[in-house]
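Encoded as C-alpha cells, the structure appears first; notes follow it.
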Amino acid sequence: MIEKSQELKISEIKEKYPKQWVTVEITERDIYDFPARGKVLLQGSSIDSILDKVKFFQGNLYTFYSAFQIDEPHRHNQNPVGTLHATSLLWFTEMKTAVYW
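For the sequence shown, position 28 matches number 27 in numbering that gives the first Met the number 0, and the numbering has no gaps at all.
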C-alpha cells in the first residue's frame, strides 16, 4: 500500500519533487478548474513506471512532470517575471489527454 503525502499546494509539490513525474490526488481546484492542491500518490523519474502504477488508483488524479521553473529577475532588464525554462506537461487522468504550454 502506498501512503499519501500531506495535502500540499501544486507549487509546493513542484518544489519538493523537482524534475520528477508526480501523480497527485486532487483535493482542491482553482477558479479555472486547474488542480491547486493535492496529495502525492506516486513520484519517480520515469513516466513509464508512473503510468504502470497509476492505473491501480481511482479518483481525481493529476500526473505531471515538475520541470517548470522561473528564474529570478535579471538585473539588466528588471523583468519582474523572470525567464521561463522548460515546459510543464499536464496529464489529467480523467481526460486521458496531455496539455503542453
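A virtual CB, placed ideally from N, CA and C, is assigned to each residue, including glycine.
Write down the C-beta distance between residue i and residue j rounded to the nearest angstrom, noting that I regard them as a contact closer than 8 Å.
{"i": "V53", "j": "I12", "result": "Contact doesn't hold; Cβ gap of about 16 Å is too wide."}
{"i": "Q19", "j": "S44", "result": "6 Å"}
Here's a check: name, in chain order, each residue in its chain whose Cβ is nearer than 8 Å to the Cβ of residue i, leaving out the five neighbours to either side.
{"i": "K8", "result": "A35 and R36"}
{"i": "Y16", "result": "V39, Q42 and S65"}
{"i": "K3", "result": "E24, K38, V39 and L40"}
Closest by CA to residue i, which one among the options?
{"i": "D47", "options": "D29, N59, V21 and G58", "result": "V21"}
{"i": "F33", "options": "F55, S10, K18 and K3", "result": "S10"}
{"i": "P55", "options": "E24, E14 and S4", "result": "According to the sequence shown, residue 55 is Phe rather than Pro. Nearest option by C-alpha distance: E24."}
{"i": "L50", "options": "Y31, I30 and T62", "result": "T62"}
Following the continuous beta strand (DSSP E) through residue i, name the residue where it begins and the one where it ends.
{"i": "E27", "result": "W20 to R28"}
{"i": "G37", "result": "P34 to G43"}
{"i": "Y31", "result": "Run containing Y31: none; DSSP gives neither H nor E here."}
{"i": "F56", "result": "Taken as a continuous stretch (DSSP letters only), F56 belongs to no beta strand (DSSP E), as it is neither H nor E."}
Just reading off the alpha helix (DSSP H) that residue i is part of, what are its end residues?
{"i": "K15", "result": "I9 to K15"}
{"i": "K52", "result": "I46 to V53"}
Check whether the Cβ of residue i lies closer than 9 Å to any Cβ atom in chain B.
{"i": "I12", "result": "The chain inventory of the structure shown lacks chain B, comprising one protein chain alone."}
Residues in the same chain with beta-carbon distance under 7 Å from residue i, minus the five sequence neighbours each way, listed in chain order, please.
{"i": "E27", "result": "A35 and R36"}
{"i": "D29", "result": "A35"}
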